[in-house]
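Some notes on the structure that comes next.
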DNA sequence: GGAGATGTTTCAAG
DNA sequence: GCTTGAAACATCTC
């Protein structure tokens with residue numbers, strides 16, 4: 014269940030293990046989540062290290078250990094982090110478990126779309142090269158506009174999902190942003206007026222900030238006044254207009270929008 | 001049994 | 001060389 018705020022919530026679960034040493038590492042190194050790295054190094058480097066700090070950025074998380082050891086986690090579509098007791102026995106879809114004195118930090122991912130990054134000395138390149146956060150000062154209307162221009166012919170929905178532009182925005186957040194900005198998800202990204210561009214930036218930031226407050230800080234789902242609870246199945250009603258919502262694939266993903274509120278008038 | 005799922009990467013075509 | 005769309009990845013749930 015991992016978009017920006019869910020990712021941050023998962024990070025906070027493992028942050029229980031800050032300042033504690035890793036006594037033992039369990040991992041299923043042959044699994045796809047370790048693609049692109051030599052998984053045998055992971056237990057060798059991590060055993061005996063203290064988890065010093067962690068950070069999330071978009072859909073990525075980085076856990077930093079003593080000795081400049083870095084463990085990155087991407088939850089993919091079905092990944093999750095949780096803690097268990099120190100005598101926990103790893104189960105079927107647990108791919109890495111870090112045992113500490115008072116808990117076990119567990120990464121579970123049935124569908125294996127998630128990914129583990131690992132490096133020693135400095136953080137992995139993809140972490141160092143990440144795009145500006147939606148909530149950062151660099152995320153200006155000018156910045157958004159220049160990136161949308163490059164994707165001029167793609168539907169807005171597809172561009173909102175581009176992690177190099179909107180880090181952390183996933184399928185439901187993209188729908189929420191477009192619904193609030195009153196923009197049809199099929200609109201070509203290059204055809205927005207300056208005013209519409211400002212709305213994209215404003216609502217992107219609002220949805221990211223509020224999602225973190227509710228989901229990461231308080232652990233509750235967005236309320237009925239959002240598109241969120243109405244978008245998951247056919248038959249949903251727009252909480253602003255009272256009209257039927259539409260669900261159709263756009264940009265390769267299930268997309269939900271409110272026709273009266275988000276017209277296709279190509280300006 | 002079949003379709004679809006809150007994601008990314010890769011590949012081929014335009 | 002860049003953009004774009006579709007397929008592939010693997011498993012579970014409805």
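In the working numbering, the protein residues as written are 14 to 280. Glycine residues also receive a C-beta, built at the ideal position from the N, C-alpha and C atoms.
Residue from the options with nearest C-alpha to residue i
i	options	result
residue 70	201, 245, 19, 276	19
residue 171	159, 152, 191	191
residue 62	78, 55, 51, 47	78
residue 68	158, 257, 26	26
residue 264	204, 130, 166, 101	166
residue 5	118, 54, 45	What the structure shows of the chain is the stretch from 14 to 280, and residue 5 is not part of that stretch, so it cannot be assessed.
residue 132	206, 148, 52, 175	52
residue 161	259, 122, 203, 145	203
residue 135	106, 83, 87	83
residue 124	151, 93, 111	93
residue 91	127, 99, 81	127
residue 184	266, 39, 65	266
residue 32	104, 65, 24	65
residue 209	275, 149, 139, 248	275
residue 157	23, 214, 229	214
residue 289	28, 138, 130	Past the edges of the chain, shown from 14 to 280, lies residue 289, and the structure says nothing about it.
residue 168	141, 73, 201, 103	201
Buried versus exposed call for residue i [16 or more other C-beta atoms within 10 Å across all chains shown]
i	result
residue 236	exposed
residue 250	exposed
residue 189	buried
residue 21	buried
residue 245	exposed
residue 115	exposed
residue 197	buried
residue 177	exposed
residue 238	exposed
Distance, residue j Cα to residue i Cα
i	j	result
residue 164	residue 147	18 Å
residue 58	residue 113	15 Å
residue 221	residue 227	10 Å
residue 34	residue 97	16 Å
residue 12	residue 145	Lying outside 14 to 280, the shown extent of the chain, residue 12 is not represented and no answer is given.
residue 105	residue 247	33 Å
Start and end residues, alpha helix (DSSP H) containing residue i
i	result
residue 95	Unbroken run through residue 95 is the beta strand (DSSP E), 93-97; no alpha helix (DSSP H).
residue 270	Unbroken run through residue 270 is the beta strand (DSSP E), 266-270; no alpha helix (DSSP H).
residue 190	184-194
residue 130	Element bounds for residue 130: not the alpha helix (DSSP H) but the beta strand (DSSP E), 128-133.
Element boundaries [beta strand (DSSP E), containing residue i]
i	result
residue 160	First-last for residue 160: 154-163, but that is the alpha helix (DSSP H), not the beta strand (DSSP E).
residue 117	117-121
residue 37	37-40
residue 263	259-263
Per DSSP, the bridge partner or partners of residue i
i	result
residue 73	70, 87
residue 107	121
Heavy atom of the ligand PLP within 8 Å of residue i beta-carbon
i	result
residue 124	In the structure shown, the ligand PLP is absent, as is every other ligand, since no ligand is present at all.
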